[in-house]
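Numbering (our numbering), first residue to last: 7 to 199.
Beta carbons: idealized from backbone N, C-alpha and C, even for Gly.
This structure is a prediction, so every number in the text was calculated from the model and none was measured.
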Ligand SMILES: [Zn+2]
């Protein structure tokens, strides 16, 4: 009996793996489409922004002031929807003016003759990450795009401890939990369930 269950579960496992749709990386024109969406949203919010792709073997994306940078590795290997999720997260940093706010906080603390503690720096950076995730979730929702940021975060953190945070980022699991909670809140506000 046990053997039958084991066999059945193995067959089920193989079946479910075969049933998974293959991951199709974004084509060059799809990458351009998603970048256009981001620029259009910046225009909509009357905010300047730029997006550039740089040569880097790592999966990285970052934003300085209003300039978004993503690595060619990330752009060439992630599906279109997930690439959008990541770019909307970066757009969240632009629209929330995180670079400028971070700099202002640093200046203010320096003016007072103090220096920022590592814990304070971490708390500020984590708050900015949650805010950018929330903004991305909201933008995806309002523009009727798939909620793909969580999937992209899971792909980026593949092989890493998803419960571990860093100085710059909260843990992937915590981010995914918050994104899902925020999405449910948006839905509830719109539909009442
Ligand atoms: Zn970020």
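Check, Outcome
"Is residue 135 near ligand 1, going by C-beta to nearest heavy atom under 7 Å?", "yes"
"Per DSSP, residue 74 forms a beta bridge with which residues?", "57, 69"
"Find the nearest neighbour of residue 142 within the set 48, 34, 38, judged by alpha-carbon distance.", "48"
"Ordered along the chain, which non-local residues of its own chain (more than five positions away) have a Cβ less than 7 Å from that of residue 197?", "none"
"Quick one, which of 40, 182, 121, 188 has its alpha-carbon nearest residue 59's?", "40"
"Does the beta-carbon distance from residue 138 to residue 84 come in below 8 Å?", "no"
"In chain order, what residues of the same chain lie with their CB nearer than 6 Å to the CB of residue 44, ignoring the 5 residues before and after it?", "57, 93, 97"
"Which of the three DSSP states is assigned to residue 175 in this structure?", "coil"
"Could you check the C-alpha separation between residue 155 and residue 125 for me, to the nearest Å?", "27 Å"
"Between the alpha carbons of residue 101 and residue 51, how many angstroms are there, rounded?", "8 Å"
"Quick check: residue 131 and residue 174, are their CB atoms within less than 8 Å of each other?", "yes"
"If you draw a straight line from the C-alpha of residue 194 to the C-alpha of residue 104, how long is it?", "28 Å"
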